[in-house]
Structure formats: structure tokens, C-alpha cells
Amino acid sequence: MSVDELSIMRPLENEWAAECMAAYHELVPKTEPQEDWDARNALYSTRAIIHDSALWPDVKHFREKLIMEMRTLVEQFAEGCSEVSQI
Numbered sequence: 698m699s700v701d702e703l704s705i706m707r708p709l710e711n712e713w714a715a716e717c718m719a720a721y722h723e724l725v726p727k728t729e730p731q732e733d734w735d736a737r738n739a740l741y742s743t744r745a746i747i748h749d750s751a752l753w754p755d756v757k758h759f760r761e762k763l764i765m766e767m768r769t770l771v772e773q774f775a776e777g778c779s780e781v782s783q784i
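Okay, structure coming up:
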């Protein structure tokens, strides 16, 4: 399972999902660079959040969560990604 496969757990934001993620990482270490793992997981989770938002348009939580995740990512990477800028 990769960071992308775990992204579906992120929008749940509950104790069960946190326990599953922690148990998974006891067996499989976070991929490198580990300091960016949470940001990659947040980015990949946006697909699931957008999907859920389309399926349940009356549930504001999905759009609020998407906006929060995107704002956090934009702030975290406001200067861009050094690996991308070298391409």
C-alpha cells in the first residue's frame, strides 16, 4: 500500500482511521522524504474529497475539508518544490 492508497483514510478524520494509519506505519515505514509524507497524503486525498463532494453536494464538510487541505498545501509550498524547479 502506498501513500496514495492511504489517502482515502485521511478525510475520515476519526480515531479508527488514525489507528489504522498508525498500525500500517508500524509495519511499513513512511516513504521518503518522510517529512513530506503528510503533504503527499493530503494532496492525494483531495481526489477522494472531490469525489465525495460530487456524490453528496448537500454536505458542506467535503468542500470545507478540500479548501482547508488546499490552503495548507499552498502555504506549505508557497515557494514551490525545489525538485520541480530544477526540472
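This note's numbering applies: residue 698 is where the sequence shown begins, and numbers increase by one.
Note that beta-carbon positions come from the ideal geometry of N, C-alpha and C, so glycine has one too.
What you are looking at is a predicted structure, and each value in this text was computed from that prediction instead of being measured.
Quick one: give me the first and last residue of the alpha helix (DSSP H) that R744 is part of. 734 to 752
Distance, V771 Cα to H758 Cα: 20 Å
Roughly how many whole angstroms lie between the Cα atoms of P726 and A751? 33 Å
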